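Residue numbers (my numbering): 23 to 167.
Contents: one structure, followed by commentary.
Dropping the structure here:
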């Protein structure tokens, strides 16, 4: 089984390009904190390369930027290539099946509002025009536990 779940922050703005056959591909790197500290008491960080294809890649390039928090679900892939100097290089990256944008507008600066245009959603415009969620109160007596 090859399944990867990651949550982290982008280390730089996503790079969108197009293959020779016209397919969009977006590449970015996620900084992911390790759960434990090292011997010096510092928390180490892993930098994972992500590849996102087609429309989802275009959305990542449009709505994500350096510092944005994102969740990625995908598979680990390794590949090799040879440089012009004849050296063999190995690349390990995650090919994303799903990307969830986790930063709010204030944190990322983008205008992304998940599901804001969906019919029947609980989103309503605020005074500034930004979409906000309207939560319905729940009585403690109606909880099943």
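Glycine residues also receive a C-beta, built at the ideal position from the N, C-alpha and C atoms.
Computed from a prediction, not measured in an experiment: that's the story for all the values here.
{"query": "Using CA atoms only, rank isn't needed, just tell me which of 109, 41, 105, 30 is closest to residue 50.", "result": "30"}
{"query": "Can you grab the Cα-Cα spacing for the pair residue 56 / residue 125, in whole Å?", "result": "20 Å"}
{"query": "So, with DSSP's three-state summary, where would you put residue 79?", "result": "helix"}
{"query": "Which of the three DSSP states, helix, strand or coil, is assigned to residue 34?", "result": "coil"}
{"query": "So, are the CB atoms of residue 102 and residue 114 less than 8 Å apart?", "result": "no"}
{"query": "Please say whether residue 46 and residue 38 have beta carbons closer to each other than 8 Å?", "result": "yes"}
{"query": "Could you tell me if residue 107 is buried or exposed, where buried requires 16 or more neighbouring beta carbons within 10 angstroms of its beta carbon?", "result": "exposed"}
{"query": "Cβ atoms of residue 25 and residue 97: under 8 Å apart, would you say?", "result": "yes"}
{"query": "Against chain C, with Cβ distances strictly below 8 Å, would residue 59 count as a contact?", "result": "No chain C appears in the structure shown, which is made up of a single protein chain."}
{"query": "May I ask which residues mark the beginning and end of the beta strand (DSSP E) holding residue 88?", "result": "Here residue 88 belongs to no beta strand (DSSP E), and DSSP marks it neither H nor E."}
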